[in-house]
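Asker:
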Amino acid sequence: MKSRKTYNGAALDKDFTLDTDVVIVGTGAGGGFAAEILTNAGLRVVMLEKGGYHTARNFSQNDAEATPMLYMDAGSQRTKDNGIVVLQGRTVGGGTTINWTTSFRTPELTLNHWVDAYGLKSFAPQAMLPHFEAVEKRLNIHTWKEAEPNANNRMVAKGCDALGYKWDLMRRNVNGCANSGLCGLGCPINAKQGMLVTTIPSALDKGAVIIYCAEATRIVHDGKRASAVEALAMDPLGQSPTGRKIRINAEHVVVAAGAIRSPALLMRSKVPDPSGLTGKRTFLHPVSIVMAKMREQIDPFHGAPQSVYSDHFWLPEGKLFGTARLGYKIQTQPLLPALLGGLLNKDSGPAAADLLKSLPFLQSTLALHRDGFDQHEKCGTVELAGTTGTVLDYPINDFLMNSLAQSTLEMMEIQFAAGAEYSLPLHLDARPLRNMTEAKAWAKEVKMEPLRMLTGSAHVMGGCQMGTDAKNSVVNEWGRHHAMENLSVIDASVFPTSIGANPQQSIYAMAFKNATALARSSTWRISPTPATKGLSTSQIAPFVFADAALGRISDAVS
Amino acid sequence: MPSEAALVRSRRSLLKTGAATIAFIGVGGWFASYLTDKGARPVLDKAVHLDPQAQVMLTKLADAVLDGMLPTDAVARGRTIVEVVSTADKSIAALPPHLQKEIKDLFGMLGAAPTRAMLIGQWDGWIGASREDVSSMLAGLRSSSISLRRGIYVLLRDTVASSFYADPGTWKLVGYPGPLLRGPGVEV
Chain Z
23 MKSRKTYNGA ALDKDFTLDT DVVIVGTGAG GGFAAEILTN AGLRVVMLEK
73 GGYHTARNFS QNDAEATPML YMDAGSQRTK DNGIVVLQGR TVGGGTTINW
123 TTSFRTPELT LNHWVDAYGL KSFAPQAMLP HFEAVEKRLN IHTWKEAEPN
173 ANNRMVAKGC DALGYKWDLM RRNVNGCANS GLCGLGCPIN AKQGMLVTTI
223 PSALDKGAVI IYCAEATRIV HDGKRASAVE ALAMDPLGQS PTGRKIRINA
273 EHVVVAAGAI RSPALLMRSK VPDPSGLTGK RTFLHPVSIV MAKMREQIDP
323 FHGAPQSVYS DHFWLPEGKL FGTARLGYKI QTQPLLPALL GGLLNKDSGP
373 AAADLLKSLP FLQSTLALHR DGFDQHEKCG TVELAGTTGT VLDYPINDFL
423 MNSLAQSTLE MMEIQFAAGA EYSLPLHLDA RPLRNMTEAK AWAKEVKMEP
473 LRMLTGSAHV MGGCQMGTDA KNSVVNEWGR HHAMENLSVI DASVFPTSIG
523 ANPQQSIYAM AFKNATALAR SSTWRISPTP ATKGLSTSQI APFVFADAAL
573 GRISDAVS
Chain B
34 MPSEAALVRS RRSLLKTGAA TIAFIGVGGW FASYLTDKGA RPVLDKAVHL
84 DPQAQVMLTK LADAVLDGML PTDAVARGRT IVEVVSTADK SIAALPPHLQ
134 KEIKDLFGML GAAPTRAMLI GQWDGWIGAS REDVSSMLAG LRSSSISLRR
184 GIYVLLRDTV ASSFYADPGT WKLVGYPGPL LRGPGVEV
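Just so you know, the sequences run in chain order Z and B. The first sequence begins at 23 in the working numbering and counts up one residue at a time. The second sequence begins at 34 in the working numbering and counts up one residue at a time.
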């Protein structure tokens, strides 16, 4: 039994201060991965997490219960004009606790573009190879062949085969997956190799500290060096401040709060921004969705959510940018009653009831659009609202709307080729469409405009982009802030474009590379030494806690 | 009652951007609290966030949005609708403060005739509205050329529908057998 230092901000009855080597704001793919590497290097690490410490012990398999527990804004986060639903994790492990385990190496075309257009030499495909391999080993990322794709995914393969489109099997970060399908609600058997069950417990067992239900509000700095991070203790859902304050004095600050709240934290803290790019160029991988009623039972709620994909439309006109539309990846979307009835279906009354009663026969396909590669794309802008609020402005321009409309038609073609009885686009004026003739006529007849053509996002990137100098970027290619000596950003916000694939493995590999470089850098006033296994509790608790009675210190069995 | 075309003309600039929309709802919520319809009786014995006006409104919305899914027996139907309103009240509690305020402000405005007429083109109160009245009002919002109205449609529809399907008791109605695995699991 190993003693772990886990503090619950919601239970604090006094203000609270800690001293450490590194404070990491956020515990998702970036922060969670960096925590293990920095701890292994012998550094004292404190993690701050806005959400709660939810685990398989209390994951609900009911999406109506799990969503407020695990998702930012209870799953209700939207862009400024309400045009795009933006899903993010808000729990220990961040998005890696609730994602669908889909794993892709960053596409080589994306990496080469970063080298050519942004000068990020250390991201060249050959240079990244060992980092991809290292994170694949750590998180058991592999082509998933333990079970057949479920019918929801098989239909994409079938439709692609009929049309002559290439498709492939997904790689997933799972170990002993039971193929139950509710990855989005937190894995109940710890098969998903997210940060929650891998790097975070490993770091905690070696002495790292986590303070959950704690939202970072300010980086304390003098314009050159950061000295601390201030946070507000939050209620158990991570929604409202309780009034208690937390301060972590640190030698180095790692910001990893996701691509909306990382730039927002820098902006709110008035960290110097010589390029003016902090909070600019946010990417969302905007998604269009089409459901279809098939003639056979699909059961789109059971089985690995995503196991098949196609890149047939990834490179329109054979080019990465300078095209008339965005490229996209074809994937699937699982369906559950509350998700289908409460979010994806936009009918009311008997039409809605008819669709819901067809649930076992429904298939759902999505197109993940690769935004941010074209210079004319403004993409999103992070804005501050009130004392802690953050808003993402991401206007849906004609370029994006045109891309969403075209991918909607192309997905319907795949569904018809797979034998769909009808397709139903995610559009307020949708109606069941029985063939491509009807689909094309419908697309000409309806208006394609925001809050009519509906879109969502589960991947937020950009806003603290990497680059060669302080004039063209926020951080360098190692994630180090251009204007601050001891501030790093290690999450999806550093990407200078979207990835063009589900981003978790891109974040892991970048975090592996940049956290390793940080651990080895000469930034430390103390010299980090590798942690050894089997340290006693006293050895792994190098902090003098202000008051041991503050918060809840839980002992967990590893 | 202002026609939709008049609303487009008079409010075009104000409704043009999302920022203006949010500011508009904020100010309107304050305004609406002085002008609510009288006579709404609470549907719930105990509610944290929904005032009687909003409870009555959601009752009427649930009856229309969920028609075809709700029991046909009047007593059972009424009981289910009260459950939906109760779940909606609890789901607002799970939202962060800024979203709680936004939704409560909107509900407040939809409870007062002048703001309701401006927002959704309906002067008459919710108490006397028939299922057909509500369905036709919702259809009008859904097809409106004003994005704010379409946004209100989505919010109202999604609020009652997600509150209904939050109940695992509805799963058998839609052929969902439930999760394959049962918890609780083990903490790592």
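Even glycine gets a Cβ: it sits at the ideal position worked out from N, Cα and C. Keep in mind the model is a prediction, meaning the values are calculated, not measured.
#1: Can you give the beta carbon distance from residue 416 (chain Z) to residue 402 (chain Z), rounded, assuming they're within the 8 Å contact cut?
#2: Using the beta-carbon count (16 or more within 10 Å), is residue 496 (chain Z) buried or exposed?
#3: Determine whether the beta carbon atoms of residue 385 (chain Z) and residue 177 (chain Z) lie at a separation below 8 Å.
#4: In the DSSP assignment, what residue or residues form a beta bridge with residue 7 (chain Z)?
#5: Looking at the C-beta of residue 323 (chain Z), does it have a partner C-beta in chain B at a distance below 8 Å?
#6: Which runs of the beta strand (DSSP E), 3 residues or longer, sit entirely within the region 487-561 of chain Z?
#7: For the beta strand (DSSP E) that residue 390 (chain Z) lies in, which residues bound it at each end?
#8: Using 8 Å as the limit for Cβ to Cβ distance, is residue 379 (chain Z) near chain B?
#9: Taking Cβ-Cβ distances shorter than 7 Å, what residues in chain B pair up with residue 81 (chain Z)?
#10: Could you pull the start and end residues of the beta strand (DSSP E) that residue 280 (chain Z) belongs to?
#11: Measuring only between beta-carbons, confirm whether residue 219 (chain Z) sits less than 8 Å from chain B.
#12: Can you grab the Cα-Cα spacing for the pair residue 271 (chain Z) / residue 507 (chain Z), in whole Å?
#13: Does the beta carbon of residue 203 (chain B) sit closer than 8 Å to a beta carbon anywhere in chain Z?
#14: Counting Cβ pairs closer than 8 Å, one from the region 26-41 of chain Z and one from the region 528-543 of chain Z, do we hit at least three?
#15: In this structure, how does DSSP classify residue 214 (chain Z) when only helix, strand and coil are distinguished?
#16: Note down, in chain order, each residue of its chain lying with its Cβ closer than 6 Å to the Cβ of residue 363 (chain Z), except the 5 sequence neighbours on either side.
#17: Along the beta strand (DSSP E) that carries residue 353 (chain Z), what are the first and last residues, could you check?
#18: Extract the residue ranges of the beta strand (DSSP E) inside the region 314-367 of chain Z, only unbroken runs of 3 or more that lie entirely within it.
#19: Listed in chain order, which residues of the region 85-110 of chain Z have Cβ atoms closer than 7 Å to some Cβ of chain B?
#20: Mind listing the chain B neighbours of residue 211 (chain Z)? Cutoff is C-beta to C-beta under 7 Å, in chain order.
#21: Can you list, in chain order, the residues of its chain with a C-beta nearer than 8 Å to that of residue 198 (chain Z)? Leave out the 5 residues immediately preceding and following it.
#22: Can you give me the Cβ contacts of residue 149 (chain B) inside the same chain, cut-off strictly under 6 Å, excluding the 5 residues immediately before and after it?
#23: Out of Z:374, Z:26 and Z:337, point me to the one whose CA is closest to residue 521 (chain Z)'s CA.
#24: Can you check whether the C-beta of residue 364 (chain Z) is within less than 8 Å of a C-beta belonging to chain B?
#25: Scan the region 136-206 of chain Z and note each continuous beta strand (DSSP E) run of 3 residues or more that stays entirely inside, going in chain order.
#26: Say whether chain Z places a C-beta atom closer than 8 Å to the C-beta of residue 81 (chain B).
#27: On the CB-based measure, 16 or more other CB atoms within 10 Å of its CB, does residue 467 (chain Z) come out buried or exposed?
#28: Taking Cβ positions, are residue 76 (chain B) and residue 118 (chain B) nearer each other than 8 Å?
#29: How would you call residue 408 (chain Z), buried or exposed, if buried means at least 16 neighbouring beta carbons within 10 angstroms?
#30: Does the Cβ-Cβ distance between residue 418 (chain Z) and residue 105 (chain Z) come in under 8 Å?
#31: Rounded to whole angstroms, what's the CA-CA distance from residue 348 (chain Z) to residue 505 (chain Z)? Just pull it up for me.
#32: What does a CB cutoff of less than 7 Å around residue 50 (chain B) pick up in its chain, not counting 5 residues either side in sequence?
#33: When you compare the CB of residue 197 (chain B) with every CB in chain Z, is at least one pair closer than 8 Å?
#34: For the region 169-201 of chain Z, enumerate the residues whose C-beta is nearer than 9 Å to any C-beta of chain B, in chain order.
#35: Give a yes or no on whether the minimum CB-CB distance between residue 162 (chain B) and chain Z is below 8 Å.
#36: Who are the Cβ neighbours of residue 490 (chain Z) in its own chain at under 7 Å, not counting the five residues just before and after it?
Answerer: According to the data block:
#1: With a contact defined as Cβ atoms closer than 8 Å, residue 416 (chain Z) and residue 402 (chain Z) qualify at about 4 Å.
#2: It is buried - the Cβ of residue 496 (chain Z) has at least 16 other Cβ atoms within 10 Å.
#3: Cβ distance < 8 Å, so residue 385 (chain Z) and residue 177 (chain Z) count as in contact.
#4: With chain Z covering only 23 through 580, there is no way to say anything about residue 7 (chain Z).
#5: Interface residue, yes.
#6: Those beta strand (DSSP E) runs which fall completely within the region 487-561 of chain Z and span 3+ residues are 509-511.
#7: Residues 384-391.
#8: It does: the Cβ of residue 379 (chain Z) has a partner Cβ on chain B nearer than 8 Å.
#9: From the beta-carbon of residue 81 (chain Z), the residues of chain B found nearer than 7 Å are 216 and 218.
#10: Unbroken run through residue 280 (chain Z) is the alpha helix (DSSP H), 280-290; no beta strand (DSSP E).
#11: For residue 219 (chain Z), the nearest CB of chain B lies under 8 Å from its own CB, placing it at the interface with that chain.
#12: Linking residue 271 (chain Z) to residue 507 (chain Z) through their CA atoms gives a straight-line distance of about 15 Å.
#13: For residue 203 (chain B), the answer is yes, since a Cβ of chain Z falls inside 8 Å of its Cβ.
#14: With a cut-off of 8 Å, the region 528-543 of chain Z and the region 26-41 of chain Z do not count as touching, because too few Cβ pairs lie within range.
#15: Note: residue 214 (chain Z) maps to strand in three-state DSSP.
#16: For residue 363 (chain Z), where only same-chain residues beyond five positions count, the Cβ hits under 6 Å are 378.
#17: Counting along the chain, the beta strand (DSSP E) containing residue 353 (chain Z) begins and ends at 350-354.
#18: Counting only runs of 3 or more, we get 350-354.
#19: Result list: 86, 90, 95, 96, 98, 102, 103 and 104.
#20: Taking the beta carbon of residue 211 (chain Z) as reference, the chain B residues within 7 Å of it are 214 and 218, listed in sequence order.
#21: Cβ neighbours of residue 198 (chain Z) beyond the five flanking positions: 211 and 213.
#22: Apart from the 5 residues on each side of it in sequence, residue 149 (chain B) sits with its Cβ closer than 6 Å to the Cβ of 143 and 155 in its chain, given in chain order.
#23: The residue with the shortest Cα to Cα distance from residue 521 (chain Z) is Z:337.
#24: It does; some Cβ of chain B falls within 8 Å.
#25: Counting whole runs of 3 or more residues, the region 136-206 of chain Z contains the beta strand (DSSP E) stretches 163-165 and 193-195.
#26: Output row for residue 81 (chain B): interface = no.
#27: Its Cβ having fewer than 16 others within 10 Å, residue 467 (chain Z) is exposed.
#28: Less than 8 Å divides the Cβ of residue 76 (chain B) from the Cβ of residue 118 (chain B).
#29: Exposed, by the Cβ-count rule.
#30: Result yes, Cβ atoms of residue 418 (chain Z) and residue 105 (chain Z) sit closer than 8 Å.
#31: Residue 348 (chain Z) and residue 505 (chain Z) have their C-alpha atoms some 34 Å from each other.
#32: Annotation note: pLDDT 39 at residue 50 (chain B) (below 50); position unreliable, coordinate value reported separately. For residue 50 (chain B), there are no CB contacts under 7 Å within the same chain when 5 residues up- and downstream are skipped.
#33: Yes, contact with chain Z.
#34: Those residues of the region 169-201 of chain Z that come within reach of chain B (Cβ to Cβ, closer than 9 Å) are 200 and 201.
#35: Interface criterion not met: the Cβ of residue 162 (chain B) is under 8 Å from no Cβ in chain Z.
#36: Taking C-beta separations shorter than 7 Å and ignoring five residues to either side along the sequence, the partners of residue 490 (chain Z) in its chain run 141, following chain order.
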